[in-house]
Amino acid sequence: MSYEVRFCPHCATELQPITLAEDGGDKERLRCPACGWTHWNNPTPVLAAIVEIDGKVLLARNAAWPGKMFALITGFMEAGESPQEGIAREVKEETNLDVQSTTLVGAYEFLRMNQVIIAYHVVATGQVQLSPELVDYRLYDLPDLRCWPAGTGYALADWLRTRGHEPVFFTAEENAERRRGLDEQAPAATPPKD
1 MSYEVRFCPH CATELQPITL AEDGGDKERL RCPACGWTHW NNPTPVLAAI VEIDGKVLLA
61 RNAAWPGKMF ALITGFMEAG ESPQEGIARE VKEETNLDVQ STTLVGAYEF LRMNQVIIAY
121 HVVATGQVQL SPELVDYRLY DLPDLRCWPA GTGYALADWL RTRGHEPVFF TAEENAERRR
181 GLDEQAPAAT PPKD
């Protein structure tokens, strides 16, 4: 089930698709016909971590995912924190690991979810203890990592290249198999792992 803004948060009037002139020309957006409030529908910033522990990369499986699907640690950025603080918080919350260093990998589109993924490589220490949101994890040597053809998978591929490894992507069939059942059960507010 996806969330959709339908009413003005200021006056509770039903929003309407209204075209107005903006800097880039005429643009239709959901706007309030009573008070003029505009729903900009800006992408949400999501943080992703390529978590390295003792030279291996941790991939985790969300409780709502199929058994073959493992991905990066991700989460929504909170108000009042920097992206670096946010990714350290997410890694701690989801794995109980302490981030020792943080390096920006890049920013990636995730258009399907209207999100921008800010990906980091983090070196972490400690004992893995998963949050209730996660049910399993695996540690991979770099040559054994496989990338997926979406958001965080591209971040992982870019990072692998910086380490001298040409990334190997799942084939379309392999990716469909690892994702089988995901689209029917994924809640709209869940940050991307894929």
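Under UniProt numbering, the sequence shown has 178 at position 178, and the numbering climbs by one with no breaks.
Positions of the beta carbon are idealized from the N, C-alpha and C atoms, including for glycine.
Practice prompt. Return the first residue and the last residue of the beta strand (DSSP E) that residue 27 is part of.
Written response: 25 to 31
Worksheet item: Are the segment 80 to 94 and the segment 158 to 167 in contact at 8 Å, needing three or more beta carbon pairs?
Response: no
Item to complete: Quick one: using the 10 Å Cβ neighbour count with 16 as the cut-off for buried, is residue 100 buried or exposed?
Response: exposed
Worksheet item: For the 8 Å Cβ check, are there 3 or more pairs between the segment 5 to 12 and the segment 67 to 80?
Response: no
Discussion item. Can you confirm whether the segment 110 to 124 touches the segment 46 to 55 when touching is taken to mean that 3 or more C-beta pairs between the two stretches lie within less than 8 Å?
Written reply: yes
Worksheet item: Counting Cβ pairs, one atom from each stretch, are 3 or more of them under 8 Å apart for the segment 50 to 61 and the segment 124 to 138?
Response: yes
Worksheet item: Does the ligand NAD have even one heavy atom less than 7 Å from the beta-carbon of residue 22?
Response: This structure simply doesn't include the ligand NAD, nor any ligand for that matter.
Worksheet entry | Which listed residue (70, 131 and 104) has its alpha carbon closest to that of residue 90 | 131
Worksheet entry | Complete runs of the beta strand (DSSP E) confined to the segment 30 to 58 [at least 3 residues] | 44 to 53
Discussion item. Determine whether the beta carbon atoms of residue 35 and residue 15 lie at a separation below 8 Å.
Written reply: no
Practice prompt. Give me the Cα-Cα distance between residue 175 and residue 28, rounded to the nearest whole angstrom.
Written response: 36 Å
Worksheet item: Which residues bound the alpha helix (DSSP H) around residue 83?
Response: 83 to 95
Discussion item. Suppose contacts are defined by Cβ-Cβ distances below 8 Å. Is residue 182 in contact with residue 69 by that definition?
Written reply: yes
Fill in: For residue 160, the first and last residue of its enclosing beta strand (DSSP E)
From DSSP, residue 160 is part of no beta strand (DSSP E) but of the alpha helix (DSSP H) over 151 to 162.
Discussion item. So for residue 198, helix, strand or coil by DSSP?
Written reply: An answer regarding residue 198 cannot be provided, because it is not within the stretch 1 to 194 covered by the chain.
Worksheet item: Alpha carbon to alpha carbon, what distance is there between residue 93 and residue 65?
Response: 19 Å
Fill in: Span of the beta strand (DSSP E) around residue 173
Premise fails: residue 173 lies in the alpha helix (DSSP H), 172 to 179, not in any beta strand (DSSP E).
Worksheet item: Exposed or buried, which one is residue 40 when buried takes at least 16 other CB atoms within 10 Å?
Response: exposed
Discussion item. Taking the beta strand (DSSP E) that residue 19 belongs to, which residues open and close that run?
Written reply: 16 to 22
Practice prompt. State yes or no: is the C-beta of residue 102 within less than 8 Å of the C-beta of residue 87?
Written response: yes
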